[in-house]
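One structure is given below, encoded as structure tokens.
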Amino acid sequence: MISSVKSNIFEVTGESVLMLYGSHLTGAPTSTLLVLSETPLGDAALEALEKSAASLEFGTAPLAQVVVETDEGKLGAEDVRTIVEGLDPVALVACDAFAAEALSAAYRTPVTLDADNRLLGRTAIIFQDFEGMMNTPADKQRAWALLKKLR
19 MISSVKSNIF
29 EVTGESVLML
39 YGSHLTGAPT
49 STLLVLSETP
59 LGDAALEALE
69 KSAASLEFGT
79 APLAQVVVET
89 DEGKLGAEDV
99 RTIVEGLDPV
109 ALVACDAFAA
119 EALSAAYRTP
129 VTLDADNRLL
139 GRTAIIFQDF
149 EGMMNTPADK
159 QRAWALLKKL
169 R
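Position one of the sequence shown corresponds to residue 19 (the working numbering), numbered consecutively onward.
Below, the structure is given as structure tokens:
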């Protein structure tokens with residue numbers, strides 16, 4: 019049972035989701051950008067997303083991260099949807115094809131890789147391999163061009 023005395027019901031719901039899915043989820047209950055990946059992101063990819071979120075003015079605690087598959091198991095479609103709807107971020111970023119498939123299953127709609135998509139009113143930037151795009155300046159520019167569509 020959560021014994022929070024917070025007056026912001028959205029923050030209470032976000033805290034509940036963070037506690038329930040703690041082995042798969044990091045961030046703040048007020049995170050405005052939700053990033054999903056099959057496995058934990060490397061430092062370069064995470065730093066690029068954090069800098070992008072700051073540049074696009076997503077707020078002081080912008081990023082929440084979902085790792086879809088951990089040692090404790092793989093999140094199902096309902097789990098992914100519960101996390102997204104419980105945190106209620108402004109936008110989503112799927113960093114790999116595995117995370118893209120998880121979002122597609124959660125919202126029962128196809129998504130397009132390496133493109134901006136809409137999922138239940140939210141902008142969702144779906145990458146096939148965001149981390150792989152951190153290897154060359156040209157790919158970094160392609161990734162940034164997609165991330166700018168989060169505005």
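In this text, a Cβ means the ideal position worked out from N, Cα and C, and glycines have one as well.
Here the structure is a predicted model, which means the values were calculated and not measured.
Residue i burial status per 10 Å Cβ neighbour count (16 or more: buried)
i, result
"GLY12", "The structure shown does not extend to residue 12, since the chain is modelled only from 19 through 169, so no value can be given for it."
"GLN83", "buried"
"ASP89", "exposed"
"MET19", "Its pLDDT being 49, under 50, MET19 is placed unreliably by the model, and nothing is read from it."
"SER55", "buried"
Minimum C-alpha distance to residue i - residue among the options
i, options, result
"VAL98", "ALA109, ALA115, TYR125, SER73", "TYR125"
"PHE145", "ASP134, LEU105, GLY139", "ASP134"
"ALA79", "GLU65, PRO47, ASP89", "PRO47"
"ASP132", "VAL111, SER70, GLU75", "VAL111"
"LEU164", "GLY150, ASN153, ILE143, ALA156", "ILE143"
"LEU51", "SER41, LYS69, ALA62, GLY60", "LYS69"
"GLU109", "LYS166, SER41, ASN26", "According to the sequence shown, residue 109 is Ala rather than Glu. Measuring from the Cα of ALA109, the nearest candidate turns out to be LYS166."
Extent of the continuous alpha helix (DSSP H) run through residue i
i, result
"THR100", "95-105"
"LEU121", "115-125"
Enclosing beta strand (DSSP E) for residue i [first to last residue]
i, result
"ASP157", "Here ASP157 belongs to no beta strand (DSSP E); instead the alpha helix (DSSP H) covers 155-165."
"THR141", "140-144"
Cut-off 7 Å between Cβ atoms - residues of its own chain near residue i, not counting five sequence neighbours on either side
i, result
"LEU138", "TYR125"
"ILE101", "VAL35, TYR39, LEU43, VAL84"
"THR57", "VAL85, GLU87"
"ALA123", "ALA95"
"GLY118", "A small fix is needed here, since residue 118 is Ala in this sequence, not Gly. So the qualifying residues of the chain are ALA112, VAL129, LEU131, ILE144."
Same chain only: Cβ atoms within 8 Å of residue i, ignoring 5 sequence neighbours per side
i, result
"THR154", "none"
"GLY45", "LEU36, LEU52, ALA79, LEU81, ALA82, GLN83, LEU105"
"MET151", "PHE145, ASP157, LYS158, ARG160, ALA161"
Cβ shell of residue i (< 6 Å), same chain only, five flanking positions each side left out
i, result
"ASP61", "none"
Review point. What residue ranges within the segment 42-81 form continuous alpha helix (DSSP H) runs of no fewer than 4 residues, ordered along the chain?
Key: Those alpha helix (DSSP H) runs which fall completely within the segment 42-81 and span 4+ residues are 61-73.
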